[in-house]
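Protein chains in written order, with the numbering used here: chain A, 1290 to 1536; chain B, 6 to 184.
Every residue, glycine too, gets a C-beta built ideally from N, C-alpha and C.
So the structure is just underneath, and the comments pick up after that.
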Amino acid sequence: MSKLPPQTITIDGQEIPFEDGQTIMDAALAADVYIPHLCHRPGLSPHGSCKLCTVEVNGRSASACTLPAASGQEISNNTPALKEERKTITQMLFVEGNHFCPACEKTGDCTLQAVAYHLDMLDGHFPQFYPRRELDASHESIVLDRDRCILCALCVRASQEVDGKNVFAISGRGIDAKLIVNSESGKLGDTDLSTEDLAAHICPVGAILIKEHGYEVPIGLRTFDLHSIAEPGLEPVILRKGKNRDE
Amino acid sequence: MSKKIRIATTSLAGCFGCHMSFLDIDERIVELLEHVEFDRSPITDIKHCTDCDIGLVEGGLCNAENVHVLKEFRENCKILIAVGACAINGGVPAMRNHFTLKECLEEAYIHGVGVENPMIPNDVELPLLLSKVHPIHEVVHVDYYLPGCPPPADAFMKVLTDLLEGKEPSLPKEILHYD
């Protein structure tokens, strides 16, 4: 079998190999190049909704998690302009929900917070929405706090694609969009969601939390107290954090 | 030696935790005081601002008095810094925004566990509560933000040292935290 020369894309001047079928994000992750993202997780179908992974591909903006890699792509990722745009997106995510880090059990393990640290976000910039959203504590082992939901749909996809269930969905559009639960009552307690499910652990923020495991790891010793989100290989640590402490 | 930099500080809808953390600079305050002097502040008990270089504002806005104090700070301070989670996004006090003011008052003073002589306080001396808690940048222009609950003492030192040296304040990632 003749070996073809590897196909490559260029991210910030660095040549990166890719295989057919890989997105820019897949290729970047495989090469340990960090492109900020919230709604993407390897192994789940890309969603392209958070827009944090916006990069410039041959001068045009595109989502790295959905655009297939193609030979000859010249990609800008770590530029001051993109950092500013990503920070603005992150600030909008913060003010749109109720993200009170000091009062959240997810603090230090929260990907939204870690991305904000990475982008040097110091404030929310925009007026706070302070939305009123429904809390669902009906499940005996899992709590759903919609105040912190950023509508990334990771739980929706994890439930459908990995757990073989269909517990979550996003309903409504724009500012009316919300995370809903697929049961007659609309309550989490009436679903077959279990603490073994990926959907129960994948939430990047503190919207879906396992009950009775709060503050097992003290603040100051949590994943992003010790690591930058940009460090390669953190994905498994972030997921495992729901079950064990790694430090 | 040029004139000392004048600093005012206040705690609005906060818990004074940021001030406590500021005082965690410990003996470094001695050196700091060679370069700065404190105007209005809980540290001096001076009640009103005069012309200042730097204003440190802890806490968000939960009542009319908070708004008056904040405006006094903005009018008198060349540089205004929002200190801590509450000043920046309302913080824990803003968690009451999930409820109406009436619900909050009734829970605290009428229906709450262990309440005796249930009555919502209405003394004229009490500042009127705002219907929602707000971060300070929604009312005045804020020059810099110092996040944290509280910001660590090192973060106070870093920002003040940068300003004293005439630089743009910047926080290294190790001391940038929202919790």
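| Asked | Found |
| --- | --- |
| Inter-residue Cα distance where the pair is B/Leu181 and A/Cys1339 | 23 Å |
| Identity of the residues DSSP links to A/Lys1467 by a beta bridge | A/Ser1460 |
| A/Ile1508: contacting residues in chain B (beta-carbon distance under 7 Å) | Asp184 |
| Minimum length 4: unbroken alpha helix (DSSP H) runs contained in the segment 1332–1420 of chain A | 1369–1385 and 1400–1407 |
| 9 Å Cβ cut-off: residues of chain B touching A/Leu1498 | Residues of chain B passing the Cβ test: none, with the nearest at roughly 16 Å. |
| Contacting residues, own chain, Cβ-Cβ under 7 Å from A/Ile1324 (five flanking each side not counted) | Met1314, Ala1317, Cys1342, Val1344, Ala1353 and Asn1366 |
| Paired residues, beta bridge with B/Ala13 - DSSP | B/Gly60 |
| Closer than 8 Å to chain A by CB, B/Pro156 | no |
| Backbone secondary structure at A/Ile1305 - three-state DSSP | strand |
| Residue interval of the alpha helix (DSSP H) (run including B/Phe78) | Ala69 to Asn81 |
| is_contact[B/His24, chain A] using C-beta, thresh 8 Å | no |
| Chain-ordered chain B contacts of A/Ala1392 [CB-CB under 7 Å] | Val97 and Met100 |
| The segment 167–180 of chain B in contact with the segment 110–127 of chain B per 3-pair CB rule at 8 Å | no |
| Validate contact between the segment 1501–1510 of chain A and the segment 1405–1423 of chain A using beta carbons, cut 8 Å, 3 pairs | no |
| A/Pro1521 vs A/Asp1398 beta-carbon contact at 8 Å | no |
| Option in A/Thr1396, A/Glu1304 and A/Ala1496 with minimal Cα separation from A/Cys1438 | A/Ala1496 |
| Beta-carbon spacing of B/Cys57, B/Asp44 below 8 Å | yes |
| Where B/Gly89 sits in the DSSP three-state scheme | helix |
| Cutoff 8 Å: A/Gly1495 Cβ touching any chain B Cβ | no |
| Endpoints, the beta strand (DSSP E) within which A/Asp1434 is located | Ile1431 to Asp1434 |
| Closest residue to A/Tyr1419 among B/Val97, B/Asp159, B/Met124 and B/Pro157 (Cα-Cα distance) | B/Val97 |
| Inter-residue CB distance, B/Val62 and B/Val88 (contact presumed, cutoff 8 Å) | 6 Å |
| Cβ pair A/Gln1362, A/Thr1299 closer than 8 Å | yes |
| Closest Cα partner of A/Met1493 within the set A/Asp1481, A/His1388 and A/Leu1477 | Before going further, note that residue 1493 of chain A is Pro rather than Met in the sequence given. For the residues A/Asp1481, A/His1388 and A/Leu1477, the minimum Cα distance to A/Pro1493 belongs to A/His1388. |
| 4 or more residues per run - each alpha helix (DSSP H) lying fully within the segment 1479–1518 of chain A | 1512–1515 |
| Neighbour flag for A/Thr1402 against chain B, beta carbons, 8 Å | The question names Thr, but residue 1402 of chain A is Gln in the sequence shown. Yes - at least one Cβ of chain B is within 8 Å of the one on A/Gln1402. |
| Residues from the segment 1410–1439 of chain A in contact with chain B, defined by Cβ distance under 7 Å | Leu1411, Asp1412, Gly1413, Pro1416, Gln1417, Tyr1419 and Arg1421 |
| Cα-Cα separation, B/Arg79 to B/Gly60 | 8 Å |
| Euclidean distance between Cα positions of A/His1428 and A/Ile1364 | 45 Å |
| Buried versus exposed, by CB contacts within 10 Å (16 or more), A/Phe1457 | buried |
| Whole-number beta carbon distance between B/Val74 and B/Thr15, since they are thought to touch under 8 Å | 6 Å |
| Rounded straight-line distance, which links the Cα of B/Lys76 to that of A/Glu1373 | 30 Å |
| Proximity test, Cβ basis, 8 Å: A/Ser1517 and chain B | yes |
| Nearest to A/Ala1351 (by Cα), restricted to the options A/Leu1498, A/Arg1375 and A/Asn1471 | A/Arg1375 |
| Interface residues of chain D facing B/Ala90 [CB-CB closer than 8 Å] | No chain D is present in this structure, whose protein chains are A and B. |
| Cut-off 8 Å between Cβ atoms - residues of its own chain near A/Glu1394, not counting five sequence neighbours on either side | Gly1495, Leu1498, Gly1503 and Tyr1504 |
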